[in-house]
Amino acid sequence: MSAMQVDVANVSKVHFSMKGEPLLALLDVNLQVEKNEFFSIVGPSGCGKTTLLNLIAGFERPTRGRITVDGQAISAPGWQRAVVFQEYALFPWYTVVQNIRYGLRRKRVPEAEQKRLVDHYVGLVGLRGFESRYPRELSGGMRQRVSIARALAVNPAILLMDEPFASLDIQTREYMQDELLKIWEREPKTVIFVTHSIDEAIKLSDRIAIMAPRPGRVEEIQSVMFSRPRDPTDPAVVRLIAEVKRWLRQQVFGAEAGDTGDRPARETA
Amino acid sequence: MNPATPRVVSPIEDRPAKASSSHLRRDEQGKSLGNPAHDDAARRSSLAALAASMVPPPPPAWRRVLARVSRLWLVVAFIVAWQLISMYGSRINPQLEVMMPPPSAVVSAATDLAARGVLLTHILDSLKRVLLAVGAATLLGVPLGLAMGWSPRFRSVVDPVLEFIRPIPPLAWIPLSILWFGIGDLQIVYIIFLAAFFPVVLNSLAGARDVDTYLVRAGLCLGARPRELFVTVVLPAALPHVFTGMRIGLGIGWMALVAGELVAAPSGLGYMINNARTLFRSDYILLGMVLIGALGLVLDYLMRQAARFAMPWHRGQ
Chain S
5 MSAMQVDVAN VSKVHFSMKG EPLLALLDVN LQVEKNEFFS IVGPSGCGKT TLLNLIAGFE
65 RPTRGRITVD GQAISAPGWQ RAVVFQEYAL FPWYTVVQNI RYGLRRKRVP EAEQKRLVDH
125 YVGLVGLRGF ESRYPRELSG GMRQRVSIAR ALAVNPAILL MDEPFASLDI QTREYMQDEL
185 LKIWEREPKT VIFVTHSIDE AIKLSDRIAI MAPRPGRVEE IQSVMFSRPR DPTDPAVVRL
245 IAEVKRWLRQ QVFGAEAGDT GDRPARETA
Chain L
3 MNPATPRVVS PIEDRPAKAS SSHLRRDEQG KSLGNPAHDD AARRSSLAAL AASMVPPPPP
63 AWRRVLARVS RLWLVVAFIV AWQLISMYGS RINPQLEVMM PPPSAVVSAA TDLAARGVLL
123 THILDSLKRV LLAVGAATLL GVPLGLAMGW SPRFRSVVDP VLEFIRPIPP LAWIPLSILW
183 FGIGDLQIVY IIFLAAFFPV VLNSLAGARD VDTYLVRAGL CLGARPRELF VTVVLPAALP
243 HVFTGMRIGL GIGWMALVAG ELVAAPSGLG YMINNARTLF RSDYILLGMV LIGALGLVLD
303 YLMRQAARFA MPWHRGQ
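Each protein sequence line maps, in turn, to chains S and L.
Here the first sequence is numbered in this note's numbering, starting from 5 and rising by one per residue.
Here the second sequence is numbered in this note's numbering, starting from 3 and rising by one per residue.
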């Protein structure tokens, strides 16, 4: 295996409830992500997958343990780890173009280069003709495309995506998944993709971290070897999806919920 | 250009007539609908023209003006009722002539005072004081409020002082402010400033405090430094609240102006009212009140227009 880019080592995170009671959001999480890998984090709600992404982004600090990128500890958020949020988080006061240019301006990219890059990414996500629209004039799918273009434009080493397609309808979601894969193949970069959808994770990822709740922890790392584009009706793919789902159900709801309790093939590290 | 007659071919017609029954055929031709990546500019503009052709043309300007004016019937009814009551009521009770002069008397009072050149002076003096005071309240209150909203630590230091001064009514400051500034513009401006300052601060504070966490995080992960984050995220996010604060501040300031001018002033609408009281000229009193209401309405309208202009993304919300 090539060099690990992201190293999450023995990370625990304590959150506080409204009453001030400490809650274990994450317990002893360990995972490594390779350069240019498409890595997904799946799990039911409450398993701490978004917390883990926030820690990698630098929005929060681990209570215990450490997270390094290329050997450097993360101290604050930055454009090297751009985030695509579930609810898009577009700046309502900026147009499509201004949103995409936001990070480039912060990076002090020369004006002409900014223009070229913005134009490139507007085309890449298929938003030509909508350059001067405000976000609230766009549909959900288009907003998410702006958000992806905005994150890609700063050319981050790592793209962090927090359930980016969860609030889209099925047709738009599948279209966006295909588009994301195309973009990722054209401009390789490390993607850490949080989702609660096992189907989505298996369609997109090289490897999948499967998390379980109370306390939030990584239970399995599953490799997905099928070549892309992956056919969701391929029997082997169907079998893997079913296996992971059954196993996860068992983890969350107890032994009687999963039929046989088969574990998915463990990754040989 | 008349939007009712677009000279564009319908964008649907460029598709073969029969093929549209099978979406497979359509896909082969690369014309799958709803995929903006396949859209071209010509098609989009012809769709826009088609949309324009479907809506009825806007009514002529005079009809729109008429429609708006006709909605003022309640105001008109009110004025007419007032006129009738004071006219016929004074036959039953002659005191009503003085207690409640009819609108016609108010109008003749206005022409009377305007002809003597005093009316405009009173209006301009009052406006000048309000605008100066609200301007100062905005200049000081907005930055203070935003800073307090953005930094909890700063807020916890300043808040006790602010919350101590806030419940003191501006009117209670009048005696002291006369000692400080004497009777004149500066003293009244100070009273209005006190009244307008707190709504401006508190609304700006709320705006900056309640900025969407995700927008802040988006800014941070795209490389914004603290100062840039403030200018590009916190400020525009708080702007609707800032404008609300300014509108409320202007309204309250306008009220404080009259109160301030009633007690001690050499000119202004409040002075005019108070002076008329000593002269027993209730028509002047009513004129002053009507003008205060009308000017307040105009100022608020101008403020709303300014907000619309400053926040094009916020229109219609």
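We put the beta carbon where it would ideally sit given N, CA and C, even for glycine.
Note that the coordinates shown come from a computational prediction; the quantities given were computed from them, not determined experimentally.
Item                                                                                                                                                                           : Value
For the beta strand (DSSP E) holding I71(S), just list the boundary residues, first then last.                                                                                 : R68 to V73
Give the secondary structure of K249(S) by DSSP, where H, G and I count as helix, E and B as strand, and everything else as coil.                                              : helix
Thinking I162(S) and V228(S) are a contact (beta carbons under 8 Å), I'd like their distance in whole angstroms, please.                                                       : Incorrect: roughly 19 Å between the Cβ atoms, too far for contact.
Check whether the Cβ of L222(L) lies closer than 7 Å to any Cβ atom in chain S.                                                                                                : yes
Rounded to the nearest angstrom, what separates A29(S) and A138(L) at their Cα positions?                                                                                      : 48 Å
Tell me, please, whether the CB atom of W83(S) is closer than 7 Å to any CB atom in chain L?                                                                                   : yes
Measure the Cβ-Cβ separation of I294(L) and V260(L) and say whether it is below 7 Å.                                                                                           : yes
So for F166(L), helix, strand or coil by DSSP?                                                                                                                                 : helix
Got a sec? Which residues, its chain only, sit under 8 Å from S179(L) by beta carbon, not counting five neighbours each side?                                                  : Q189, Y192 and I193
Rounded to the nearest angstrom, what separates P201(L) and G262(L) at their Cα positions?                                                                                     : 18 Å
Name the one or two DSSP bridge partners that A139(L) has.                                                                                                                     : Answer by DSSP bridge pairing: none, since A139(L) is not bridged.
If we require 4 or more residues per run, which alpha helix (DSSP H) segments fall completely within the region 190-223 of chain L?                                            : 215-223
Can you find a C-beta in chain S that's less than 7 Å from the C-beta of R46(L)?                                                                                               : yes
Helix or strand or just coil, what does DSSP make of E141(S)?                                                                                                                  : helix
Indicate whether at least one CB of chain L lies closer than 7 Å to the CB of Y106(S).                                                                                         : yes
Do you know how far the Cα of Y216(L) is from the Cα of L146(L)?                                                                                                               : 24 Å
Around the C-beta of G220(S), are 16 or more other C-beta atoms found within 10 angstroms, so that it is buried, or is it exposed?                                             : buried
Please name the residue, chosen from R232(S), A216(S) and G82(S), that lies closest to G50(S) on a Cα-to-Cα basis.                                                             : A216(S)
Does the region 118-128 of chain S come close enough to the region 94-108 of chain S to have 3 or more Cβ pairs within less than 8 Å?                                          : yes
Only counting the same chain, and skipping five residues up and downstream in sequence, which positions put a Cβ closer than 6 Å to that of V101(S)?                           : V122 and E135
Is the region 215-233 of chain L in contact with the region 118-134 of chain L, if contact means three or more CB pairs nearer than 8 Å?                                       : no
Taking Cβ positions only, does D29(L) come closer than 7 Å to chain S?                                                                                                         : Here the model assigns D29(L) a pLDDT of 43, short of 50, so the residue's position is not dependable, and the following value carries that caveat. Closer than 7 Å: no.
For chain S, is any of its Cβ atoms less than 7 Å away from the one on P13(L)?                                                                                                 : Because P13(L) carries a pLDDT of 46, less than 50, the predicted location of this residue cannot be relied on, and the following value inherits that uncertainty. No, because no Cβ of chain S sits closer than 7 Å to the Cβ of P13(L).
Can you tell me which of the three DSSP states L299(L) falls into?                                                                                                             : helix
Between H25(L) and chain S, is there a C-beta pair that is closer than 7 Å?                                                                                                    : Bear in mind that a pLDDT of 45 at H25(L), under 50, signals an unreliable position, so the model cannot answer this.
Expressed to the nearest angstrom, what Euclidean distance is found between the alpha-carbon atoms of F183(L) and P171(L)?                                                     : 18 Å
Mind checking which residues open and close the alpha helix (DSSP H) that includes E99(L)?                                                                                     : L98 to M101
Take G298(L) and list the residues in its own chain whose beta-carbon comes closer than 6 Å to its own, dropping the five residues that flank it on each side.                 : W256
What does the Cβ neighbour count give for A198(L), buried or exposed, with the cut at 16 atoms within 10 Å?                                                                    : buried
S151(S) and L208(S) - do their beta-carbons sit closer together than 7 Å?                                                                                                      : no
In the DSSP output, which residue or residues are listed as bridge partners for F20(S)?                                                                                        : P26(S)
Check whether the region 101-117 of chain L touches the region 154-174 of chain L, taking contact to mean three or more Cβ pairs, one atom from each stretch, closer than 8 Å. : no
Does DSSP put A240(S) in a helix, a strand or coil?                                                                                                                            : helix
Just to confirm, are P160(S) and A86(S) a CB contact at a threshold of 7 Å?                                                                                                    : yes
Taking contact to mean at least 3 C-beta pairs separated by less than 8 Å, is the region 240-255 of chain L in contact with the region 266-284 of chain L?                     : no
With a threshold of 16 other CB atoms inside 10 Å of the CB of D42(L), please say whether the residue is buried or exposed.                                                    : exposed
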